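Undergrad: Numbered according to this note's numbering, the sequence shown spans residues 3 to 67.
Ideal Cβ positions, reconstructed from N, Cα and C, are used throughout, including at glycine.
Keep in mind the model is a prediction, meaning the values are calculated, not measured.
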Amino acid sequence: MGINTERDIEANLQIGPTDQGMVRLFIEADGLEIPMDFLPEEAEEIAEEIRAAAVAAQSVGRKKR
3 MGINTERDIE
13 ANLQIGPTDQ
23 GMVRLFIEAD
33 GLEIPMDFLP
43 EEAEEIAEEI
53 RAAAVAAQSV
63 GRKKR
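1) CB-CB under 8 Å to Leu41, same chain, minus the five flanking residues each way: which ones, in chain order?
2) Shortest alpha-carbon distance to Gln22 belongs to which of Asp39, Glu8, Arg9?
3) In whole angstroms, what separates the C-alpha of Leu27 from that of Ser61?
4) Which residues does DSSP pair with Met38 in a beta bridge?
5) Go ahead and pull the three-state DSSP assignment for Ile52.
6) How is Gly33 classed by DSSP in three states: helix, strand or coil?
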């Protein structure tokens with residue numbers, strides 16, 4: 003399984019701060035719950051990676067038109 007492998011799985015994603023000063027990504031799918039905690043600095047890095055991926059995905063979408 004890789005980044006380009008499509009799956010027919012429905013999942014919920016919640017993102018928010020914890021009472022311990024961490025940023026939590028909480029994923030729930032098919033009865034499985036995955037809490038992922040990050041330091042605020044790590045969360046900023048992840049946000050930058052998501053933004054960069056969004057920009058790259060937009061350019062791929064434009065090329066296909």
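TA: Taking the definition as stated:
1) Taking the sequence shown and counting its residues from 1, one reaches residue 41 at position 39. Met24, Val25.
2) Residue mapping note: residue 22 aligns to position 20 of the sequence shown, counting from 1. Taking the Cα of Gln22 as reference, the smallest distance to any Cα among Asp39, Glu8, Arg9 is reached at Asp39.
3) Looking up residue 27 in the sequence shown gives position 25. Looking up residue 61 in the sequence shown gives position 59. Cα-Cα distance, rounded: 27 Å.
4) To locate residue 38, count along the sequence shown from 1; it is residue 36. Paired residue(s): Leu27.
5) As a position in the sequence shown, residue 52 is number 50, starting the count at 1. Correct three-state label for Ile52: helix.
6) Stepping through the sequence shown from its first residue, residue 33 is reached at position 31. Residue state, collapsed to three classes: coil.
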